[in-house]
Amino acid sequence: MTAATTAGPGAGTTRAVSRAEGLALGAGDGLLIDTCQAAPASMRRFATMNPFHRDRRWRIPVPGTAQTSQSLENVWQALKLVDGRTDLSLLARPAEKRPPDHLRGPGFDYAASTVSFAGRPTDLVTARYLVYLPAYLHVLDRLVPDAVVAEITGALAAGRDAVFYDWDDNHDIEDPRTSYSHSAILAAWFGGRIEELADRRAAWLAARPGCAAPCGPPPLPLTRYRRIHRR
2 MTAATTAGPG
12 AGTTRAVSRA
22 EGLALGAGDG
32 LLIDTCQAAP
42 ASMRRFATMN
52 PFHRDRRWRI
62 PVPGTAQTSQ
72 SLENVWQALK
82 LVDGRTDLSL
92 LARPAEKRPP
102 DHLRGPGFDY
112 AASTVSFAGR
122 PTDLVTARYL
132 VYLPAYLHVL
142 DRLVPDAVVA
152 EITGALAAGR
162 DAVFYDWDDN
172 HDIEDPRTSY
182 SHSAILAAWF
192 GGRIEELADR
202 RAAWLAARPG
212 CAAPCGPPPL
222 PLTRYRRIHR
232 R
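Shown next, in the form of structure tokens:
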């Protein structure tokens, strides 16, 4: 599945593609941005956009709590309910999965995963909107280095396309069957189409009144995005 967006008239386009498709592309296909943990050294400058990237100086707000995290992945993993429990100790530790891959046997039902938001169990897709999206947008808004953002926006302004890929191939935030690819957020953010995700979020939450109680849905940090796209 490919998600494509456009940065503006005369500018390059942005798209999120599967890992297999991304690895098959060459330099002539645009600026390739591999944010997978296993990305080659040539892609290391994009590592801060990988959810597993940890920086001890980072203080990523954990939605629905007063806590902060040193990595985006552990925002998600710390709030995940495994055997009915969260694990907030993860917030100051290296990123890891709960449960780890070797314990996800044939009977593991990823779509049935639940995540705690403001102390309440939340289904997977709702948690993506209430926890993952605002936390990831915080990383883009405040923590990804200016040089990385400038390289990508500069390439787009020069008419080059930007192609994002990581480990996961699911570019639909409302598809609970497999892990959501953060490349879809990157393509929308750099392409000037994050409003589409925001609108889908509003519609999803409106259809589920009370799911964000008692504190309401976290705001989406978009200061840098609006500055880049002049909105």
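For reference, each letter of the sequence shown is one residue, going 2 to 232 in our numbering. Ideal Cβ placement from N, Cα and C applies to all residues, glycine included.
Look up residue i in the DSSP assignment and give the residues it is bridged to.
i: Leu33; result: Val164
i: Thr123; result: Val116
i: Ile61; result: Ser70
i: Lys81; result: Val116
Helix, strand or coil for residue i, going by three-state DSSP, please let me know.
i: Thr179; result: coil
i: Pro135; result: helix
i: Ala67; result: coil
i: Thr49; result: helix
i: Phe109; result: coil
i: Val140; result: helix
i: Arg55; result: strand
i: Arg209; result: coil
i: Arg201; result: helix
i: Arg231; result: coil
Which whole-angstrom value is the C-beta distance of residue i and residue j, which I expect to be below 8 Å?
i: Arg228; j: Tyr130; result: Contact doesn't hold; Cβ gap of about 24 Å is too wide.
i: Thr49; j: Leu82; result: 28 Å between Cβ atoms; not a contact.
Spatial neighbours of residue i within its chain, please: CB distance less than 7 Å, with the 5 preceding and 5 following residues excluded, ordered by chain position.
i: Lys98; result: Gln78
Using beta carbons (cut-off 8 Å, strictly below), is residue i in contact with chain C?
i: Pro52; result: No chain C appears in this structure, which consists of one protein chain only.
Which residues in the same chain as residue i place their Cβ atom closer than 8 Å to its Cβ, once the five residues preceding and following it in sequence are excluded?
i: Ala159; result: Gly13
>> Assess contact between the region 12-21 and the region 164-171, defined as three or more Cβ pairs (one per stretch) separated by less than 8 Å. Is contact present?
In response: yes
>> With three or more C-beta pairs closer than 8 Å as the rule, is the region 70-85 touching the region 135-153?
In response: yes
>> Between the region 137-151 and the region 209-229, can you find at least three pairs of beta-carbon atoms closer than 8 Å?
In response: yes
>> I'd like to know if the region 181-195 and the region 33-40 are in contact, where contact means that at least 3 CB-CB pairs between them fall below 8 Å.
In response: yes
>> So, does the region 187-199 touch the region 21-28, judging by three or more C-beta pairs under 8 Å?
In response: no
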